[in-house]
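Below: one structure, written as structure tokens.
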Amino acid sequence: MSQTFSGVVPETRGEETIWFDQCQKGKLSILKCLECKSFSFFPTSVCRNCSSRAVELADADGRGIVHTFSWVYRAPHGFETSVPYNIAIVELFEGVKLMSRVVCDEDTLRCGLEVQLSFAKIAPNFQVPIFVPSGKR
Ligand SMILES: [Zn+2]
Numbered sequence: 001m002s003q004t005f006s007g008v009v010p011e012t013r014g015e016e017t018i019w020f021d022q023c024q025k026g027k028l029s030i031l032k033c034l035e036c037k038s039f040s041f042f043p044t045s046v047c048r049n050c051s052s053r054a055v056e057l058a059d060a061d062g063r064g065i066v067h068t069f070s071w072v073y074r075a076p077h078g079f080e081t082s083v084p085y086n087i088a089i090v091e092l093f094e095g096v097k098l099m100s101r102v103v104c105d106e107d108t109l110r111c112g113l114e115v116q117l118s119f120a121k122i123a124p125n126f127q128v129p130i131f132v133p134s135g136k137r
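Counting from 1, position 20 in the sequence shown corresponds to residue 20 in this note's numbering; the numbering is continuous, with no gaps.
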């Protein structure tokens, strides 16, 4: 199920553009190091663990757990119609963490909640990764 959120389409460059292009294809890319086999986020050209440049983009599995979160009740300009909404740190199955949103009500969201990847449109041709509780995609 596709969601629609308020948002601002970012101006991207370099590695960011590649990452956002993958999002438009419905893929969440993370960095995989071919030397030490670790994963990291946000993808760059160098492994954060061992500094190797032998890295490649990998598609995240899409499963994760909520590491922490906060609810926003007073939104910044442009997000007024979205409140309340949450900002969550999700730890992916691969062990990397990223900031996103979890689409659910306030009673459902908790640390340790199992979530899965989905996408939300913030413009007609631009989507960003979000998460939903597992089993509710
Ligand atoms: Zn490495």
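Glycine is no exception: its CB is placed at the ideal position from the N, C-alpha and C atoms.
Are there any heavy atoms of ligand 1 lying less than 6 Å away from the beta-carbon of residue 118, as far as the coordinates show? no
Closer than 6 Å to a non-hydrogen atom of ligand 1 - does that hold for the CB of residue 23? no
Can you tell me the Cβ-Cβ gap for residue 41 and residue 109, rounded? I've got them flagged as a contact below 8 Å. That pair is no contact at about 21 Å.
CB of residue 49 to nearest heavy atom of ligand 1: below 6 Å? yes
Checking the sheet assignment: what are the DSSP bridge partners for residue 30? 58
Residue 29 and residue 43 closer than 7 Å at C-beta: yes
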